[in-house]
Amino acid sequence: MASDGGNSNAGSTNEKAVTGTGGQQPSEQDPKEGKKFFKFVFNVNKKVTDETEMTQDFINDLKHYQEFDETVGKCSSYLENIFIPFSSKSSKNEEDSFARLAKALGEFKSYVPQNHVPAFENFSAKMKAAAASRKSYQAVQSYHIRHMKRFHEQHYDPFMAQRKRFDDARRKMDQAKADVRDAKTTTAIEKKAICYQLTVDDFDQQTEDLIKIIEELPKVKQGYVRDIFVLLTKHKLYHIDMSKYFAASCI
């Protein structure tokens, strides 16, 4: 049912989203008018002020979408802080710390005994290679972190915009339903019923669009699961490479 009082001919909304108490028969005092407005059948003498209710499953889906957005945001921030040094995120494009260390070691060799110079040159070369390796890993990690950060803009913002359209359509439909019940004459009922049917149709469409977004979330999630797997795998490989560079640098 699209709303309280609507019947199957009035344009049904996906039952996942809303529940209703419609299906009342037309007033016995006006059987002809009841047949004329059969697609808008409800008891015009019944006064209700309650809104069209969403099912608990639908409410849970809306809440889950919001919670997932918060989780993705937190996770991407933590991953960035762990895997991407703050200097690498600087707009000034500061030099990698390993590259700076390589330069410092190259300069330091001038102040050590001659027999230690080759070791410092080797250490400097390995740190330079480590800098290039880390930059390569971070480029991949940064790509996946940026992808995670874009969930809010690419998915959550459209979800919230559609939810607002859904809420607005529900409010207008409930108001139109109340207007029909408040109508006093047959002519007024007819006019209000036409308006009510238009709001039912719009509500059905907005509900369908919102459910479509919700049902796409499991597929969207798979991309973010892959992001995390890639980030962790790259971090593991990064440490393996770093251990090799340092092992080769040891005297």
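In our numbering, the protein residues as written are -5 to 245. Don't be surprised by glycine CBs; every beta carbon is placed ideally from N, CA and C.
- V194 and M154 do not touch by the CB rule: their CB atoms are close to 24 angstroms apart, not below 8 angstroms.
- For E147, the closest of T181, F197, G67, Y239 by C-alpha to C-alpha distance is G67.
- In this structure, Q216 sits away from F160, with a CB-CB distance that is not shorter than 8 angstroms.
- A distance below 8 angstroms separates the beta carbons of Y150 and D63.
- Annotation for E101: the continuous alpha helix (DSSP H) segment containing it runs 91 to 102.
- The alpha-carbon separation between K178 and A172 amounts to approximately 12 angstroms.
- Between the segment 103 to 118 and the segment 178 to 191 there are fewer than three C-beta pairs closer than 8 angstroms, too few to call the two in contact.
- Linking V224 to D162 through their CA atoms gives a straight-line distance of about 41 angstroms.
- With contacts defined as CB atoms closer than 8 angstroms, Y131 and K228 qualify as a contacting pair.
- Collapsing the DSSP output to three states places P112 in a helix.
- In this structure the segment 236 to 243 lies against the segment 112 to 130, because at least three pairs of beta carbons, one per stretch, are closer than 8 angstroms.
- Exposed is the label assigned to T181, since fewer than 16 other Cβ atoms lie within 10 Å of its Cβ.
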